[in-house]
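A.B. asks:
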Amino acid sequence: MRWQGDIRGIYTARHGYRLLTSASIHTDPQLHFVEWQKLWKLPVPLKVKNFLWRCMRNILQVREMLKARHVWERGGCLFCLSNMETMDHLFCSCPIKAQVWHDFTILHNDSLVLLLNGALCSPSVKGAIHVAAKLWLLWNARNDVVWKGKLLRITDLLSQAAWLSDLWFSTYTRGVADTDVAPTAASWTPSPPHRLKCNVDAAVFEDSAGFGLVVKDHARVFVSAYNARLGCGRDLYLVEAMVVREALSWLMSNGYTDFILEPDSLNFCSSFNSCLLDLSYVGLLVEQCHCIANDIGNVFVHHVRRSVNRVAHVLAWAIGSSSVLGSWVSVPPTCIAHLVSY
Ligand SMILES: [Zn+2]
Numbered sequence: 002m003r004w005q006g007d008i009r010g011i012y013t014a015r016h017g018y019r020l021l022t023s024a025s026i027h028t029d030p031q032l033h034f035v036e037w038q039k040l041w042k043l044p045v046p047l048k049v050k051n052f053l054w055r056c057m058r059n060i061l062q063v064r065e066m067l068k069a070r071h072v073w074e075r076g077g078c079l080f081c082l083s084n085m086e087t088m089d090h091l092f093c094s095c096p097i098k099a100q101v102w103h104d105f106t107i108l109h110n111d112s113l114v115l116l117l118n119g120a121l122c123s124p125s126v127k128g129a130i131h132v133a134a135k136l137w138l139l140w141n142a143r144n145d146v147v148w149k150g151k152l153l154r155i156t157d158l159l160s161q162a163a164w165l166s167d168l169w170f171s172t173y174t175r176g177v178a179d180t181d182v183a184p185t186a187a188s189w190t191p192s193p194p195h196r197l198k199c200n201v202d203a204a205v206f207e208d209s210a211g212f213g214l215v216v217k218d219h220a221r222v223f224v225s226a227y228n229a230r231l232g233c234g235r236d237l238y239l240v241e242a243m244v245v246r247e248a249l250s251w252l253m254s255n256g257y258t259d260f261i262l263e264p265d266s267l268n269f270c271s272s273f274n275s276c277l278l279d280l281s282y283v284g285l286l287v288e289q290c291h292c293i294a295n296d297i298g299n300v301f302v303h304h305v306r307r308s309v310n311r312v313a314h315v316l317a318w319a320i321g322s323s324s325v326l327g328s329w330v331s332v333p334p335t336c337i338a339h340l341v342s343y
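Just so we're aligned, residue 2 is where the sequence shown starts under this note's numbering, counting upward by one.
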């Protein structure tokens, strides 16, 4: 028995949650929030993300929600004469909020879902933060009226929103440009003294697959390289696991006993370094890799970004483009000569 939603075939509550939420999302994308990943990546404090999440799950405790649950029976909007305090009214359609969104062009149909979907999809991170700050301050202003009898001043709210969005932007994006937050570039780091490092990568062609591996020492000096074809299908995860098994076999047969292996397959590295069962079809290959690694001695498997794994990537793809095949010791093949010293 295996769970199809997970690459290792293991069921977790997170997978169940994803399945259930995606099932409800896909019923009507116009009415349901879809930008969950962007919401959780938004550079704002966690309490604000939690607040936005409660809004989009429709569980924020506005008065209509409290009425439906028989917690609160009286009253409507605190700012106008409307007898309904829904989230859409509170944040979007209440007349007093027109002043809050006066500088905004993404307010569609008085729908909070469309407002937030639009803000998160806009190319400007700062714009999305600004929307989040205004929603957060509106909710706090509403609670101040309820609990402290303190009335909202729109001018104060607007200046606070500007100040907060600047603060969150500088704190949570670490000063990157005002576009989507990109990960910082990584570079290849050498192994500790007396230990080698082997970068390995797969290449999947139309009719076959292949791989390349490059071994270097702690001083970034080229030691050896190897590439070969693999007779297997085009399933990338399967190929990546087979590539590591072939790489380990080649390293063992060439007498390497202490090294760090660096593939860029996060799935494989997670599975290899996890103590959880892998019930998928790749689990058997991962187990074989464990056995070979144990026979070798000191083997560490560590994930690297694809950009860092470029030398192995080029050697793997060289199989298809220029029929470079074989193994090299001390002197690298021409196709990667310009990359080995980095
Ligand atoms: Zn109102």
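We put the beta carbon where it would ideally sit given N, CA and C, even for glycine. Predicted, not measured: the structure shown is a model, and the values here were computed from it.
Does the distance from the CB of L79 to the CB of R143 come in under 8 Å?
C.D. replies: Walking along the sequence shown from the start, residue 79 turns up at place 78. Walking along the sequence shown from the start, residue 143 turns up at place 142. Yes, these two residues count as a Cβ contact at 8 Å.
A.B. asks: State the beta-bridge partners of I60 as determined by DSSP.
C.D. replies: Working through the sequence shown from its first residue, we reach residue 60 at position 59. Looking at the DSSP assignment, I60 forms no beta bridge with any residue, so it has no partner.
A.B. asks: Got a sec: does ligand 1 put a non-hydrogen atom nearer than 7 Å to the Cβ of C93?
C.D. replies: Position 92 of the sequence shown holds residue 93. Checking every heavy atom of ligand 1 against the Cβ of C93, none is found closer than 7 Å.
A.B. asks: Between which two residues does the alpha helix (DSSP H) harbouring N274 extend?
C.D. replies: Translated into positions along the sequence shown, residue 274 becomes position 273. Element bounds for N274: 267-274.
A.B. asks: Taking the DSSP output, what are the residues bridged to N366?
C.D. replies: Here the chain has residues from 2 to 343 only, and residue 366 is not among them.
A.B. asks: If contacts are defined as beta-carbon pairs under 8 Å, then L316 and V245 qualify, I think. What distance do you get, rounded to the angstrom?
C.D. replies: Counting from one through the sequence shown, the residue named residue 316 turns up at place 315. Counting from one through the sequence shown, the residue named residue 245 turns up at place 244. Wrong, their Cβ atoms sit about 15 Å apart, outside the cutoff.
A.B. asks: Can you tell me where the beta strand (DSSP E) with G327 in it begins and where it stops?
C.D. replies: Your numbering for residue 327 matches position 326 in the sequence shown. G327 -> beta strand (DSSP E) spans 327-330.
A.B. asks: Using a Cβ-Cβ cut-off of 6 Å (strictly less than) and excluding sequence neighbours within five positions of Y227, which residues of its own chain qualify?
C.D. replies: Taking the sequence shown and counting its residues from 1, one reaches residue 227 at position 226. Correct list, in chain order: L214, W251, S328.
A.B. asks: Please report the straight-line C-alpha distance between V147 and A134, rounded to a whole angstrom.
C.D. replies: Against the sequence shown, residue 147 aligns to sequence position 146. Against the sequence shown, residue 134 aligns to sequence position 133. About 20 Å.
A.B. asks: On the premise that H291 lies in contact with C270, defined as a C-beta separation below 8 Å, what is that separation, rounded to the nearest angstrom?
C.D. replies: Mapped onto the sequence shown, residue 270 falls at position 269. Mapped onto the sequence shown, residue 291 falls at position 290. Actually they do not touch by this definition, with Cβ atoms about 13 Å apart.
A.B. asks: List the residues that DSSP assigns as beta-bridge partners of S166.
C.D. replies: On the sequence shown, residue 166 is found 165 positions in, with the first residue counted as 1. S166 pairs with nothing; no bridge assigned.
A.B. asks: Which term fits L21, buried or exposed, when burial requires 16 or more other beta carbons within 10 angstroms of its beta carbon?
C.D. replies: By one-based count along the sequence shown, residue 21 stands at place 20. L21 comes out exposed.
A.B. asks: Should C81 be listed as close to ligand 3, given that the test is whether its C-beta is under 7 Å from any heavy atom?
C.D. replies: Ligands in the displayed structure: ligand 1; ligand 3 is not one of them.
A.B. asks: Could you check if H303 belongs to the surroundings of ligand 1, using beta carbon to heavy atom distance under 7 Å?
C.D. replies: Here residue 303 corresponds to residue number 302 of the sequence shown, with the count starting at 1. Flag unset: Cβ of H303 not near ligand 1.
A.B. asks: Is it true that the CB of E247 sits closer than 8 Å to the CB of A220?
C.D. replies: For the purposes of this step, residue 220 is identified with residue 219 of the sequence shown, where counting begins at 1. For the purposes of this step, residue 247 is identified with residue 246 of the sequence shown, where counting begins at 1. Result no, Cβ atoms of A220 and E247 do not sit closer than 8 Å.
A.B. asks: Within this structure, are the beta carbons of V114 and M57 separated by less than 8 Å?
C.D. replies: The residue given as residue 114 occupies position 113 in the sequence shown. The residue given as residue 57 occupies position 56 in the sequence shown. Cβ distance < 8 Å, so V114 and M57 count as in contact.
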